[in-house]
């Protein structure tokens with residue numbers, strides 16, 4: 010009798026564990042799929058913008074097309090930075106599904122968008138956006154980096170002209186390594202504004218003194 014009770018209890022425990030496993034796995038997979046879908050949508054928008062930029066060069070009609078390109082790029086930067094926050098949350102919440110591959114694609118897309126923005130500035134001769142490169146250590150605890158991220162999140166919401174491009178300073182992705190080397194990044198956190206490196210934590214006031222808020 011006692012043995013039967015223990016066996017029933019064990020069976021119920023196994024069923025509960027299996028049920029919880031599949032529920033958590035489903036939620037993890039759903040989050041990852043949503044991230045992949047959103048990233049793909051942004052990449053598709055970027056491809057459309059690149060083709061339009063090529064057309065503006067071909068037609069020599071930058072005056073007419075640059076405002077449209079500028080608006081599209083602003084939207085893509087906003088969407089991509091929002092996705093960065095979602096990706097960070099998913100990395101902390103996911104138990105079974107690895108989002109590392111999605112993050113690498115995000116970083117590459119982020120770098121591509123930043124470089125496209127620089128190309129757009131050369132083509133159009135102006136930019137209403139002030140890019141801020143934010144370098145932080147991936148997988149390492151950094152109190153200053155957490156504080157810096159909060160400041161940048163607030164600025165990105167309050168200032169339409171400020172757009173943040175976040176990159177792991179210890180990334181093995183070649184283009185990120187090239188950017189970090191080009192700007193001389195040697196400590197975390199680091200910001201690059203107006204092609205100038207600011208090592209260590211930068212306050213809201215310090216950032217606004219460089220970028221303004223418009």
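Residue numbers (my numbering): 10 to 223.
No residue lacks a Cβ here, since even glycine has one placed at the ideal position from N, Cα and C.
Any 3 or more C-beta pairs closer than 8 Å across the stretch 183 to 190 and the stretch 126 to 137
no
Could one say the Cβ of residue 56 lies closer than 8 Å to chain B's Cβ atoms, at least one of them?
The question asks about chain B, but that chain is absent: this structure has only one protein chain.
Taking 8 Å as the threshold (C-beta atoms), are residue 44 and residue 108 in contact?
Stepping through the chain shown from its first residue, residue 108 is reached at position 99. Stepping through the chain shown from its first residue, residue 44 is reached at position 35. Contact: yes.
Enumerate in chain order the residues of its own chain whose CB-to-CB distance from residue 150 is below 7 Å, with the five nearest sequence positions on each side excluded.
As a first step, residue 150 is located in the chain shown; it is residue number 141 there, counting from the start. If we look at residue 150 and ignore the five residues flanking it on each side, it has no Cβ neighbours.
Range covered by the beta strand (DSSP E) that runs through residue 196:
The sequence position of residue 196 within the chain shown is 187, counting from 1. Looking at the DSSP string, residue 196 is not in any beta strand (DSSP E), and its letter there is neither H nor E.
Bridge partners of residue 209, per DSSP?
Here residue 209 refers to the residue found at position 200 of the chain shown. Answer is none; residue 209 lacks a bridge partner.
Which of the three DSSP states is assigned to residue 169 in this structure?
To locate residue 169, count along the chain shown from 1; it is residue 160. If DSSP states are grouped into helix, strand and coil, residue 169 belongs with coil.
Confirm, please, whether the CB-CB distance from residue 141 to residue 7 is below 8 Å.
This structure cannot settle anything about residue 7, because the visible part of the chain is limited to 10 through 223.
Cα-Cα separation, residue 104 to residue 206
Counting from 1 along the chain shown, the entry for residue 104 is found at position 95. Counting from 1 along the chain shown, the entry for residue 206 is found at position 197. The pLDDT assigned to residue 104 is 44, lower than 50, so where the model puts this residue is not dependable; a value taken from the coordinates is nonetheless given after this. Approximately 37 Å between the Cα atoms of the pair.
Can you grab the Cα-Cα spacing for the pair residue 144 / residue 42, in whole Å?
In the chain shown, counting from the first residue as 1, residue 144 sits at position 135. In the chain shown, counting from the first residue as 1, residue 42 sits at position 33. Approximately 27 Å between the Cα atoms of the pair.
Please state if the CB of residue 162 and the CB of residue 178 are separated by a distance shorter than 8 Å.
As a first step, residue 178 must be located in the chain shown, where it is residue number 169. As a first step, residue 162 must be located in the chain shown, where it is residue number 153. Not closer than 8 Å, so no.
Within 10 Å of its beta-carbon, does residue 220 have 16 or more other beta-carbons around it, so buried, or fewer, so exposed?
Working through the chain shown from its first residue, we reach residue 220 at position 211. Buried, by the Cβ-count rule.
By the three-class DSSP mapping on this structure, what secondary structure does residue 7 have?
The first residue shown for the chain is 10 and the last is 223, placing residue 7 beyond what the model contains.
Expressed to the nearest angstrom, what Euclidean distance is found between the alpha-carbon atoms of residue 171 and residue 157?
Within the chain shown, numbered from 1, the residue matching residue 171 stands at position 162. Within the chain shown, numbered from 1, the residue matching residue 157 stands at position 148. One C-alpha to the other measures close to 15 Å.
Considering only the beta carbon of each residue, do residue 77 and residue 62 sit closer than 8 Å?
As a working note, residue 77 is residue 68 in the chain shown. As a working note, residue 62 is residue 53 in the chain shown. Against a cut-off of 8 Å, the Cβ pair of residue 62 and residue 77 comes out as no contact.
Does DSSP put residue 183 in a helix, in a strand, or in coil?
Mapped onto the chain shown, residue 183 falls at position 174. If DSSP states are grouped into helix, strand and coil, residue 183 belongs with the helices.
I'd like to know whether the C-beta atoms of residue 213 and residue 138 end up nearer to each other than 8 Å.
Indexing the chain shown from 1 puts residue 213 at position 204. Indexing the chain shown from 1 puts residue 138 at position 129. Not in contact: residue 213 and residue 138 (Cβ atoms no closer than 8 Å).
How is residue 146 classed by DSSP in three states: helix, strand or coil?
Your numbering for residue 146 matches position 137 in the chain shown. Looking at residue 146 - three-state DSSP - the assignment turns out to be coil, as it is neither helix nor strand.
Beta-carbon proximity list for residue 208, same chain, < 6 Å, skipping 5 on both sides:
Along the chain shown, read from residue 1 onward, the residue named residue 208 stands at position 199. The answer, listed in chain order, is 196, 199.
Proximity winner among 218, 65, 46, 55, relative to residue 131 (alpha-carbon distances):
Translated into the one-based positions of the chain shown, residue 131 becomes position 122. The residue with the shortest Cα to Cα distance from residue 131 is 65.
By a C-beta neighbour count over all protein chains shown, 10 Å radius and 16 as the cutoff for buried, is residue 211 buried or exposed?
Here the question's residue 211 lines up with position 202 in the chain shown. It counts as buried.
For residue 166, which of 98, 146, 117, 91 has the nearest alpha-carbon?
One-based indexing of the chain shown puts residue 166 at position 157. Of the listed residues, the one whose Cα sits closest to residue 166 is 91.
Assigned secondary structure, residue 138 (DSSP; H/G/I helix, E/B strand, else coil):
Within the chain shown, residue 138 is the residue found at index 129, counting from 1. Three-state result, residue 138: coil.
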